[in-house]
């Protein structure tokens, strides 16, 4: 196998692939060679999630429901269809359910098992959402967790924690802040934060 | 195990920050989604696989702060691919080593490409 030798030496200023990079490239080679996926599909998915899908989609849904009672009613009865009607695709393998915050009830979303998340309307989950402390504590002591996010709720506000599954993803419909009467949908959407649609934040007024 | 308040406070505020911290995370994410869309598994099957992987990693001492999430994702993907018979563990490992070998013979700054010779004499290297 002496002939191999000339290919085998390390380049003096050679590249390095980390362990995870090598593992990911291995799967990519295998799957593309066998035709299970193609590279342009992968690139499109990455591009979509890096640049096109994000919490702005959810913010548009929230702002629309603040200004359009008929849309809001549809959102609360079938969020998958309502999101669809604004041009957002169906959540991956799941139904989207919108839960409304009111003075009586505050909703908080978690996925205790594996970080299921409504990607199509919120983009990919933040690191803290995927962490063990959040996944366990949100269920056990939601009020303390919210306080750490700077959310202080009145004592008589009930907190409902929604545990996502592969089949159901939740979008919190936050309360419209006072002082925004007559605002346009776009201006309202700019107020809506990602955290407020997970229930880990409130939408602050002007 | 429940973390202290400080643990959560430390990671609570990351703005609306980057969705993938490294390109491989994005690639791994995209492969799972593409296979799902191609009908090779149901989403609930994927969620179960990922949850098991996270639990296993936790059991093995992973701090599970969310920063290792895509490592678990990749491990779950490898298992799913083997379970569905799309490939096998030996082949996956052979390709992994071939990629590392390809990197070593590629000058810095040049795109790394996999060549047939990268699969030869693999026993020499870990």
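Protein chains in written order, with the numbering used here: chain A, 1 to 206; chain B, 207 to 332. Here a beta-carbon is modelled for each residue, glycine too, at the ideal position from N, C-alpha and C.
Would you call residue i buried or exposed, if buried means 16 or more other Cβ atoms sit within 10 Å of its Cβ?
i: residue 280 of chain B; result: buried
i: residue 306 of chain B; result: buried
i: residue 21 of chain A; result: buried
i: residue 186 of chain A; result: exposed
i: residue 314 of chain B; result: exposed
i: residue 182 of chain B; result: Any question about residue 182 of chain B goes unanswered here, given that chain B covers just 207 to 332.
i: residue 205 of chain A; result: exposed
i: residue 271 of chain B; result: buried
i: residue 248 of chain B; result: exposed
i: residue 322 of chain B; result: exposed
Between the alpha carbons of residue i and residue j, how many angstroms are there, rounded?
i: residue 283 of chain B; j: residue 234 of chain B; result: 8 Å
i: residue 108 of chain A; j: residue 162 of chain A; result: 6 Å
i: residue 193 of chain A; j: residue 312 of chain B; result: 45 Å
i: residue 165 of chain A; j: residue 250 of chain B; result: 8 Å
i: residue 184 of chain A; j: residue 66 of chain A; result: 10 Å
i: residue 152 of chain A; j: residue 199 of chain A; result: 12 Å
i: residue 26 of chain A; j: residue 298 of chain B; result: 6 Å
i: residue 42 of chain A; j: residue 156 of chain A; result: 48 Å
i: residue 10 of chain A; j: residue 285 of chain B; result: 32 Å
i: residue 252 of chain B; j: residue 246 of chain B; result: 10 Å
i: residue 242 of chain B; j: residue 268 of chain B; result: 27 Å
i: residue 24 of chain A; j: residue 293 of chain B; result: 14 Å
i: residue 289 of chain B; j: residue 56 of chain A; result: 37 Å
i: residue 244 of chain B; j: residue 236 of chain B; result: 12 Å
i: residue 16 of chain A; j: residue 320 of chain B; result: 14 Å
i: residue 229 of chain B; j: residue 50 of chain A; result: 11 Å
i: residue 52 of chain A; j: residue 195 of chain A; result: 18 Å
Going along chain A in order, which residues have a C-beta closer than 9 Å to the C-beta of residue i?
i: residue 362 of chain B; result: There is no way to answer for residue 362 of chain B, as the model of chain B reaches only from 207 to 332.
i: residue 226 of chain B; result: 46, 49, 50, 124
i: residue 266 of chain B; result: None at all; the shortest Cβ gap to chain A is about 13 Å.
Among residues of its own chain, excluding the 5 on either side of residue i, which ones have a beta-carbon nearer than 7 Å to its beta-carbon?
i: residue 32 of chain A; result: 38, 39
i: residue 325 of chain B; result: 300, 304
i: residue 138 of chain A; result: 108, 110, 145, 161
i: residue 6 of chain A; result: Since pLDDT at residue 6 of chain A reaches only 43, below the 50 mark, its modelled position is unreliable, and the value read off the structure follows with that caveat. Cβ within range, chain order: n/a, list empty.
Determine, using beta carbons only, whether residue i and residue j come nearer to each other than 9 Å.
i: residue 168 of chain A; j: residue 135 of chain A; result: no
i: residue 125 of chain A; j: residue 115 of chain A; result: yes
i: residue 75 of chain A; j: residue 94 of chain A; result: no
i: residue 88 of chain A; j: residue 61 of chain A; result: yes
i: residue 159 of chain A; j: residue 105 of chain A; result: yes
i: residue 171 of chain A; j: residue 58 of chain A; result: yes
i: residue 96 of chain A; j: residue 120 of chain A; result: yes
i: residue 264 of chain B; j: residue 132 of chain A; result: yes
i: residue 273 of chain B; j: residue 127 of chain A; result: yes
i: residue 150 of chain A; j: residue 201 of chain A; result: yes
Note down, in chain order, every chain B residue with its Cβ under 9 Å from the Cβ of residue i.
i: residue 16 of chain A; result: 306, 309, 310, 314
Could you name the residues of chain A that residue i contacts, counting a contact when the two beta carbons are closer than 8 Å?
i: residue 235 of chain B; result: 45, 46, 49, 124
i: residue 277 of chain B; result: 20
i: residue 232 of chain B; result: 46, 49, 50
i: residue 244 of chain B; result: 36, 37
So, at 6 Å on beta carbons, what are the nonlocal neighbours of residue i in its own chain, with the 5 sequence-adjacent residues on each side left out?
i: residue 231 of chain B; result: 276
i: residue 118 of chain A; result: 91, 96, 169, 171
i: residue 142 of chain A; result: 108, 159, 161
i: residue 72 of chain A; result: 65
i: residue 213 of chain B; result: Below a pLDDT of 50, predicted positions are generally treated as unreliable, and residue 213 of chain B, at 42, falls in that range; no measurement from the model is reported.
Name the chain B residues that come within less than 7 Å of residue i, Cβ to Cβ?
i: residue 152 of chain A; result: Within chain B, no residue comes near residue 152 of chain A; the closest Cβ sits about 15 Å away, beyond 7 Å.
i: residue 41 of chain A; result: 240
i: residue 30 of chain A; result: 293, 297, 298, 301
i: residue 26 of chain A; result: 298, 301, 302, 305
i: residue 117 of chain A; result: What residue 117 of chain A touches in chain B: nothing, since even the nearest Cβ is about 11 Å away.
Please list, in chain order, all residues of the same chain as residue i whose beta carbon is under 8 Å from its beta carbon, the five residues on each side excluded.
i: residue 318 of chain B; result: 305, 308, 309, 312
i: residue 176 of chain A; result: 66, 188, 203
Can you pull the chain A neighbours of residue i, defined as C-beta to C-beta under 7 Å?
i: residue 273 of chain B; result: 127
i: residue 257 of chain B; result: 113, 114
i: residue 263 of chain B; result: Simply none; closest approach about 10 Å.
Identify the contact partners of residue i in chain B, using a Cβ-Cβ distance below 8 Å as the criterion.
i: residue 13 of chain A; result: 313, 314
i: residue 202 of chain A; result: Under the 8 Å cutoff, chain B gives no residues; its nearest Cβ is about 15 Å from residue 202 of chain A.
i: residue 10 of chain A; result: 310, 311
Cβ-based contacts, 7 Å cut-off: residues of the segment 291-323 of chain B near chain D: Here the protein chains are A and B, and chain D is not one of them.
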